[in-house]
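2 protein chains.
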Amino acid sequence: MYSFTEENYLKTIYHLSQQKHLENVTTNAIADLLQTKAASVTDMLKKLADKKLILYVKYQGVNLTEKGFKVAIGTVRKHRLWEVFLFDKLKFGWEEVHEVAEQLEHIQSDYLIDKLDTFLNYPSVDPHGDPIPGKDGTIKSQTLTLLIDCKKNAQVVISGVKEHSVAFLQRLNEMELCLGKKLKIHEINEFDRCMIVMIDKEAKILVSNEVAKNILVSEA
Amino acid sequence: MYSFTEENYLKTIYHLSQQKHLENVTTNAIADLLQTKAASVTDMLKKLADKKLILYVKYQGVNLTEKGFKVAIGTVRKHRLWEVFLFDKLKFGWEEVHEVAEQLEHIQSDYLIDKLDTFLNYPSVDPHGDPIPGKDGTIKSQTLTLLIDCKKNAQVVISGVKEHSVAFLQRLNEMELCLGKKLKIHEINEFDRCMIVMIDKEAKILVSNEVAKNILVSEA
DNA sequence: AACTATTTTTAGGCTTGTCTAAAAATAGTC
DNA sequence: GACTATTTTTAGACAAGCCTAAAAATAGTT
């Protein structure tokens, strides 16, 4: 099995390679995300390369191997299943689930994860709308649109968020925006692209373009 | 907060001091339970003493301080709540819960444990009948009797086990004995003290004295 | 009280994962 | 193409936890 730290590195490399398709993941990018120093990252990259979990060329960044990808995707699966548990069952707020799931994702027991998946009734997305990889490592990713890119009078459902910070999610809580809310775009301001949006055919609220840039929607 | 390892040492010292009342806990006893070497234990005892978690006198064994006791009892509380979760919600067998709970007990989040306690509806015992310490560290321990010490015709309820090994618990599974089962002692053999016991007023089964020595019961 | 067996501690070393400071490689600019 | 800024790697060190082997303390026996 792989250590807490190894799983975290692999998961981070996975997330970064998702963001910047094709390109190699850089040492500094990993250090930033893991809140550690570049020198520490280099050390770990050598060890992960020795274990054939990544392809590492000095000064050229890294990519996951098939083997490393499986570990990373497994960690993401565990993380997101635990998030669903915390949100659905323990009634955590969606801004609270990430931190605790960062710990829970490293519990080592495939049996546990199978049982948890069953208990949660095989969820397909986590509380932020991110897809949960299957046991076999496949991900069903829906193509979502940014709210900011929607046209006037469009009717949509909130299906995800691009930004995962606690501050942003709390901002959405204050506006009573959460996954599954149905929106109709009533007006779009020409100057700053802020929107006036109707929630559940009732309240009209103002959504700043900064907020709208980070909300993912699908057609209603 | 305290590390995974520190919590394990404190929990072990707690369990040992429960067993052998009054007396100091010895280095070797800790090493045995934690499956490590005496030299490693001595190292850690010094560190725990520096942090005022234990009272340690060279060659004389250790005792928990108030501070160390709180950490230990907190870890036991977390362990047993997770066991209830695994058993009640995820449908683990009672012989399967311990191993995974050994990992889950080290997740750091008081908020999580509060929420879990609520979700489980404030259980007072774990799947083996052991009491779950309260948030304040108090334990309501019931005084239970060993099945072997019961008299003929006694009517009792299985309320705990003295032995926690997987092998023993599986043995009980085979005999369909579990927590809450009502027993009536039909006969006690004079020679080897094995018992013929009626389960739920139906099946009569033979319980060896080795098994009866490790089952805790309360009056029906 | 002395001798032996057992327990516990010390000493020195190893691994994992981290750090700082300095060196080397790469990228960007004139 | 040379010079500078940035990124990355190397070198050496440190803390946590563990180990083995040897020394010291304690306990048990006669």
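Residue numbers (our numbering), protein chains in the order written: chain X, 4 to 223; chain Y, 4 to 223.
The beta-carbon is built from N, C-alpha and C at its ideal position, and this holds for glycine as well.
This structure is a prediction, so every number in the text was calculated from the model and none was measured.
{"Item": "Inter-residue spacing [alpha-carbon to alpha-carbon] between glycine 86(Y) and glutamate 108(Y)", "Value": "The question names glycine, but residue 86(Y) is glutamate in the sequence shown. C-alpha separation (whole angstroms): 9 Å."}
{"Item": "Arginine 196(Y) to alanine 157(Y) span [Cα, whole Å]", "Value": "15 Å"}
{"Item": "Buried or exposed by the 16-neighbour rule on C-beta atoms within 10 Å, applied to leucine 189(Y)", "Value": "The sequence given here has histidine at residue 189(Y), not leucine. By the 10 Å Cβ count, histidine 189(Y) comes out exposed."}
{"Item": "According to DSSP, residues forming a beta bridge with serine 221(Y)", "Value": "Val160(Y)"}
{"Item": "Residues near glutamine 145(X) in its chain [Cβ-Cβ closer than 8 Å; skip 5 each side]", "Value": "Pro134, Ser162 and Ser221"}
{"Item": "Opening and closing residue of the beta strand (DSSP E) in which histidine 189(Y) lies", "Value": "185–191"}
{"Item": "Neighbour flag for serine 6(X) against chain Y, beta carbons, 7 Å", "Value": "no"}
{"Item": "Residues of its chain near threonine 29(X), where Cβ-Cβ distance is below 6 Å and the 5 sequence neighbours each way are ignored", "Value": "Gly64"}
{"Item": "Neighbourhood of leucine 175(Y) by C-beta, 7 Å cutoff - its chain only, sequence neighbours within 5 removed", "Value": "Cys181"}
{"Item": "Contact set for valine 160(Y): own chain, Cβ-Cβ below 8 Å, skip 5 residues either direction", "Value": "Gly183, Lys184, Lys185, Leu186, Val220, Ser221, Glu222 and Ala223"}
{"Item": "4-residue-minimum alpha helix (DSSP H) runs that sit fully inside the region 12–40 of chain Y, ordered along the chain", "Value": "30–37"}
{"Item": "7 Å Cβ cutoff met for serine 112(X) and valine 103(Y)", "Value": "yes"}
{"Item": "Selected residue, minimal CA-CA separation from glycine 71(Y), among Tyr62(Y), Ala52(Y), Arg83(Y) and Lys143(Y)", "Value": "Ala52(Y)"}
{"Item": "Valine 60(X) burial status per 10 Å Cβ neighbour count (16 or more: buried)", "Value": "exposed"}
{"Item": "Rounded C-alpha distance that separates lysine 94(X) from aspartate 139(X)", "Value": "29 Å"}
{"Item": "Paired residues, beta bridge with valine 128(X) - DSSP", "Value": "Pro134(X)"}
{"Item": "Beta-carbon separation (whole angstroms), leucine 13(Y) vs isoleucine 33(Y), contact threshold 8 Å", "Value": "Going by Cβ atoms, the distance from leucine 13(Y) to isoleucine 33(Y) rounds to 10 Å, so no, they are not a contact pair."}
{"Item": "DSSP three-state assignment for lysine 207(Y), whether helix, strand or coil", "Value": "strand"}
{"Item": "Element boundaries [alpha helix (DSSP H), containing leucine 115(Y)]", "Value": "113–122"}
{"Item": "Amino acids of chain Y, ordered along the chain, whose beta-carbon sits closer than 9 Å to that of serine 112(X)", "Value": "Glu102, Val103 and Gln106"}
{"Item": "Exposure label - glutamate 1(X); buried when at least 16 CB within 10 Å", "Value": "Residue 1(X) is absent from the structure shown; chain X starts at 4 and stops at 223."}
{"Item": "Cβ separation of threonine 3(Y) and lysine 55(Y), assumed to be a contact under 8 Å, to the nearest whole Å", "Value": "Outside the modelled stretch of chain Y, which goes from 4 to 223, sits residue 3(Y), for which no answer is possible."}
{"Item": "Interface flag, leucine 84(X) vs chain Y, CB-CB below 7 Å", "Value": "no"}
{"Item": "Other residues of its chain near alanine 41(X): CB distance less than 7 Å, five sequence neighbours each side excluded", "Value": "Thr30, Asn31 and Ala34"}
{"Item": "Check whether valine 79(Y) and proline 136(Y) have beta carbons under 7 Å apart", "Value": "yes"}
{"Item": "Under 9 Å from the C-beta of lysine 94(Y): neighbouring residues of chain X", "Value": "Lys118, Thr121 and Phe122"}
{"Item": "Contacts around aspartate 120(Y), its chain only, beta-carbon distance under 7 Å, and the 5 residues preceding and following it disregarded", "Value": "Leu84"}
{"Item": "Distance CB(proline 126(Y))-CB(tryptophan 97(Y)) smaller than 7 Å", "Value": "no"}
{"Item": "Cutoff 7 Å: leucine 219(X) Cβ touching any chain Y Cβ", "Value": "no"}
{"Item": "Cβ of leucine 172(X) within 7 Å of any chain Y Cβ", "Value": "no"}
{"Item": "Unbroken beta strand (DSSP E) run spanning leucine 58(Y), endpoints", "Value": "57–59"}
{"Item": "Start and end residues, beta strand (DSSP E) containing leucine 67(X)", "Value": "65–67"}
{"Item": "Length of the line joining the Cα atoms of isoleucine 76(X) and tyrosine 17(X)", "Value": "8 Å"}
{"Item": "Under 7 Å between C-beta atoms of isoleucine 208(Y) and methionine 178(Y)", "Value": "yes"}
{"Item": "Asparagine 217(X), buried or exposed, once every other Cβ within 10 Å from all chains shown has been counted against 16", "Value": "buried"}
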